[in-house]
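Here the protein sequences come in this chain order: F and C.
The opening residue of the first sequence carries number 1 in the numbering used here; numbering runs sequentially from there.
The opening residue of the second sequence carries number 113 in the numbering used here; numbering runs sequentially from there.
What follows is a single structure, written as structure tokens, with notes after it.
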Amino acid sequence: AQSVSQHNHHVILSEAASLELGCNYSYGGTVNLFWYVQYPGQHLQLLLKYFSGDPLVKGIKGFEAEFIKSKFSFNLRKPSVQWSDTAEYFCAVKRAGNMLTFGGGTRLMVKP
Amino acid sequence: NAGVTQTPKFQVLKTGQSMTLQCAQDMNHNSMYWYRQDPGMGLRLIYYSASEGTTDKGEVPNGYNVSRLNKREFSLRLESAAPSQTSVYFCASSDGAMMTDTQYFGPGTRLTVL
């Protein structure tokens with residue numbers, strides 16, 4: 001069965017710190033990869049996605065993610081976080097014919 | 113452009129009561145989905161509809177039924193609510209393209225079953 005792991009359940013950072021959130025998946029075939037963000041009290045919004053091509057993907061609000069096929073990983077990064085980045089972040093994986101599988105989420109708190 | 117809308121936003125039920133959660137999308141998407149979100153478990157797929165007229169079970173379908181009323185609307189019904197169904201429910205839609213499919217989510221319904 002396909003699974004998606006986000007190892008950091010809670011992350012606390014100060015403003016201007018760098019962020020890296022881990023995401024690993026168990027399926028070795030062709031996959032599509034996504035990061036969604038859920039701000040407090042809001043619905044999920046797409047941050048970025050990878051389908052093919054350049055493994056370094058840039059998304060909204062200064063976020064980026066790198067697909068490393070050999071490590072089955074798609075880690076999310078941001079060089080300098082802001083208080084407004086406080087949210088829950090979800091990694092999701094899809095392969096052809098299969099539904100989207102979400103990781104358990106990482107709650108990020110950014111202290112002003 | 114409203115995207116994906118859901119009603120109601122909040123609901124409290126007693127065990128054994130029934131209710132229907134409504135979802136509509138205005139993006140002309142083929143596929144629609146119902147998820148539940150529970151702490152530490154991410155989102156889990158309850159049911160989905162790959163296209164108008166079809167529905168299929170997802171990861172956690174027990175206790176739920178769905179209806180794809182037309183291309184725009186996809187409802188989720190709880191026939192006899194149980195406390196284990198206390199959760200936040202999200203509807204999503206996508207164009208259904210095989211490899212470039214991206215799902216867009218509604219604002220959610222927070223359901224409490226007492």
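Glycine is no exception: its CB is placed at the ideal position from the N, C-alpha and C atoms.
As the structure is a prediction and not an experimental result, all values here were calculated from the model.
Bridge partner(s) assigned by DSSP for residue i
i        : result
C:Leu125 : C:Val225
F:Glu66  : F:Leu56, F:Asn75
C:Gln149 : C:Leu155, C:Val200
F:His118 : Given a span of 1 to 112 for chain F in the structure shown, any question on residue 118 of chain F remains unanswerable.
C:Ala136 : C:Thr117, C:Glu185
F:Met109 : F:Ile12
C:Leu190 : C:Met131, C:Tyr176
C:Lys169 : C:Tyr159
Whole-angstrom C-beta distance between residue j and residue i, which should lie under 8 Å
i        : j        : result
F:Arg95  : F:Tyr27  : 6 Å
C:Gly115 : C:Met139 : 7 Å
F:Leu100 : F:Tyr89  : No, F:Leu100 and F:Tyr89 are not in contact; Cβ-Cβ is about 15 Å, not under 8 Å.
C:Thr132 : C:Ser187 : 5 Å
Chain F contact for residue i (CB, 8 Å cutoff)
i        : result
C:Pro195 : no
C:Met144 : no
C:Tyr176 : no
C:Asp213 : yes
C:Phe186 : no
C:Gly208 : no
C:Tyr160 : yes
C:Leu133 : no
C:Leu223 : no
C:Asn217 : Correcting the residue identity first, residue 217 of chain C is Phe in this sequence and not Asn. True, the Cβ-Cβ gap to chain F drops below 8 Å.
C:Met153 : yes
C:Phe202 : yes
C:Gly165 : no
C:Leu226 : no
C:Leu157 : yes
Closer than 8 Å to chain C by CB, residue i
i        : result
F:Gly103 : yes
F:Phe90  : yes
F:His43  : yes
F:His9   : yes
F:Met99  : yes
F:Lys71  : no
F:Leu47  : no
F:Lys94  : yes
Residue nearest to residue i in terms of C-alpha spacing, selected from the options
i        : options                                : result
F:Pro112 : F:Gly104, F:Thr86, F:Phe90, F:Gly105   : F:Thr86
C:Thr214 : C:Val124, C:Thr119, C:Asn142           : C:Asn142
F:Val4   : F:Lys78, F:Val110, F:Gly59, F:Lys71    : F:Lys71
C:Leu185 : C:Ala114, C:Cys135, C:Leu155, C:Gly128 : The displayed chain sequence assigns Glu, not Leu, to residue 185 of chain C. The shortest C-alpha separation from C:Glu185 is found at C:Cys135.
C:Ser199 : C:Phe122, C:Leu125, C:Gln149, C:Gly170 : C:Gln149
F:Phe51  : C:Gly175, C:Ala209, C:Tyr216, C:Val225 : C:Ala209
C:Ser205 : C:Leu190, C:Arg180, C:Ser130, C:Thr132 : C:Arg180
C:Gly218 : F:Leu44, F:Ser80, F:Glu64, F:Gly22     : F:Leu44
F:Phe67  : F:Gly59, F:Pro55, F:Gln42              : F:Pro55
F:Lys49  : F:Ala92, F:Arg107, F:Gly105, F:Phe102  : F:Ala92
F:Gly103 : F:Gln42, F:Trp35, F:Ser84, F:Trp83     : F:Trp35
C:Cys203 : C:Gly152, C:Leu190, C:Tyr147           : C:Tyr147
F:Lys69  : F:Phe63, F:Gly59, F:Leu46, F:Val31     : F:Val31
C:Ile158 : C:Gln137, C:Val178, C:Gly165           : C:Val178
C:Gly220 : F:Tyr25, F:Gln42, F:Leu33, F:His9      : F:Gln42
F:Asn24  : F:Ser14, F:Phe74, F:Met109             : F:Phe74
Short CB-CB distance (under 8 Å) between residue i and chain D
i        : result
C:Gly128 : The chain labelled as chain D is not found among the protein chains of the depicted structure, namely F and C.
### Query
Any chance the segment 17 to 24 of chain F sits against the segment 192 to 203 of chain C, with 3 or more Cβ pairs inside 8 Å?
Output reads no: the segment 192 to 203 of chain C does not touch the segment 17 to 24 of chain F.
### Query
Is there contact here, the segment 169 to 181 of chain C with the segment 116 to 130 of chain C, by at least three beta-carbon pairs under 8 Å?
no
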